[in-house]
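Peer 1:
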Amino acid sequence: MAAPAPVKVYGPPLSTAVARVLATLLEKNVQFQLLPVNMAKGEHKKPEYLKIQPFGQVPAFEDESINLFESRAISKYVCDKYANQGNKGLFGTNPLEKASIDQWLEAEGQNFNPPSSVLVFQLAFAPRMKIKQDENMIKLNEAKLAKVLDVYERRLGESRYLAGDEFTLADLSHLPNSQYLVNGTNVAELFTSRKNVERWWDEISSRESWKEVVEMQRSPSPRNA
Amino acid sequence: MAIKVHGHPNSPPSRRVLLALSEKGLDYEFVPVDMSTGQHKKEPFISINPFGQVPGFEDGDLQLFESRAITRYIAYAYADKGTPLFDQDPKKVAIISVWLEVEALKFDVPGSKLSYEILIKPLLGMTTDEGAVEQAQGQLASVLDVYEARLSKSKYLGGDSFTLVDLHHVPIVNNMMKTKVKALFDARPHVSAWASDILARPAWAKVLAELA
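Just so you know, the sequences run in chain order W and C. Number 225 marks the last residue of the first sequence (UniProt numbering); no jumps. Number 212 marks the last residue of the second sequence (UniProt numbering); no jumps.
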């Protein structure tokens, strides 16, 4: 029997949203092809790209005849379609597990992502792009992120991972932004000063799948799995 | 009663959950949370939602927060009741998933901001920040341009039937229609038709009547 064709992911691994999808594919042992999008040349805003991602953002994704965007939707699709391979519990194996994972995925998207994304841009990307940092934005979003991490600190004292006792998509979704913040910015301390959050971060960032994504972010040319 | 919604009658996320229950024809108890006295930041509410935000939700022993996780649970757990809010076909589910993210991460940001600045702040004796309103309108306009293109090819945002995607938009779209932001919708024929359609659903009228 022929192996299924690799799925296609469009975008640079340095993008937090692209990294989210790559981590999911690696956890699920799904073969993929990573295709570059030259954002410096505005490729993501051109008509051919807008056909597959109407908001002009990365990633875009193709699997057989389906074309998807939004990293969290892509990740859920991968978990559902490839339910029987790789990490089988990644998106839960029953409705109650799924409900808890959905809840913490929403918390990530609605509460963790906004302040952490601003900080990733201001502290990790702006300097590289020679854009002036906005001190007020940084202060404001540090305070917001601290409040969110207080909630996580309490939660992770009751539960090994966010949605329960196993690593799930809810934890995975936090990896890309946290990677930038913990490794090379001065807001790492927000994570490391909270005992349970630090424990959780050490565990989730040590996973083989995530180490591979970080490797991809460091290597200069796109690589296929 | 097995299903309880802890929330505020004017809160769009609270209304999102009530609408899902209404579309499914499910009975529930609405437990008002008095945010003016900080009830949402204290026990017992904070055990249901550690972020201290409304709504919180209970179905028997199950407790959930995040309106969009709650509505997903309602859609799956009560799939055979009332209006189908999801789909069975994996490819259709995937497309629905995409547009659920779009609502949550792209539409809701400017939509909630506008709702807060124009409608809520005056009620709290605060002044609307016109600069923020203009910026949010610009953001919303960009999103509605994508919606206009999408809705010219698809009857509803998630596909050919009304699903959770459209439902999630109802509370904020409802609010937008009471403000000058209505003009952004009126200027886009497919978006305008879709907005009228989703707001005209009997389940939404039922929610508004119960909250009045």
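A virtual CB, placed ideally from N, CA and C, is assigned to each residue, including glycine. Note that the structure is a prediction, hence the values are computed from the model and not measured.
(1) Where does A209/C fall in DSSP's three states?
(2) For F30/C, does the three-state DSSP call read helix, strand or coil?
(3) Starting from the N-terminal side, write out each stretch of the alpha helix (DSSP H) that is 4 residues or longer and does not extend beyond the UniProt domain "GST N-terminal" (5-86) of chain W.
(4) With H, G and I counted as helix, E and B as strand and the rest as coil, what does DSSP make of F65/C?
(5) Output the distance between the C-alpha atoms of L95/C and L105/C, rounded to the nearest integer angstrom.
(6) If I measure Cβ to Cβ from L184/C and keep anything under 7 Å in the same chain, skipping five residues before and after, which residues do I get?
(7) In the DSSP assignment, find the beta strand (DSSP E) that holds K4/C and state where it starts and stops.
(8) Inspect the beta-carbon positions of I48/C and G38/C and report whether they are closer than 7 Å.
(9) Counting only the same chain and skipping the five closest in sequence on each side, list residues whose C-beta sits under 8 Å from that of E142/W.
(10) Mark residue 250/W as exposed unless 16 or more other C-beta atoms lie within 10 angstroms of its C-beta, in which case mark it buried.
(11) Please list, in chain order, the chain C residues whose beta carbon lies closer than 7 Å to that of residue 228/W.
(12) Exposed or buried, what is M129/W when buried is set at 16 or more other beta-carbons lying within 10 Å of its beta-carbon?
(13) What is the DSSP secondary structure of residue 268/W, counted as helix, strand or coil?
(14) Should E66/C be flagged as near chain W, meaning a C-beta pair shorter than 7 Å?
(15) Whose Cβ in chain W lies nearer than 8 Å to the Cβ of L199/C?
(16) Which value, in whole angstroms, describes the spacing of the CA atoms of G157/W and N196/W?
(17) Taking CB distances under 7 Å as the criterion, tell me whether A73/W reaches chain C.
(18) My output table needs one value for Y156/C: the three-state DSSP class, helix, strand or coil.
Peer 2: According to the data block:
(1) Correct three-state label for A209/C: helix.
(2) strand
(3) 16-27, 47-50, 71-81
(4) strand
(5) Before going further, note that residue 95/C is Ile rather than Leu in the sequence given. Each residue's alpha carbon lies about 16 Å from the other.
(6) Q137, L140, A141, L144
(7) Element bounds for K4/C: 3-7.
(8) no
(9) P115, L119, V187, L190
(10) Summary: the structure shown does not reach residue 250/W, with chain W confined to residues 1 through 225, and so no result is reported for it.
(11) In this structure chain W extends from 1 to 225, so residue 228/W is not present and cannot be described.
(12) exposed
(13) Coverage of chain W is limited to positions 1 through 225, which leaves residue 268/W absent and any answer about it impossible.
(14) yes
(15) By Cβ distance, chain W contributes nothing, its closest Cβ being about 24 Å from L199/C, past 8 Å.
(16) 6 Å
(17) Answer yes: the Cβ-Cβ gap between A73/W and chain C drops below 7 Å somewhere.
(18) strand
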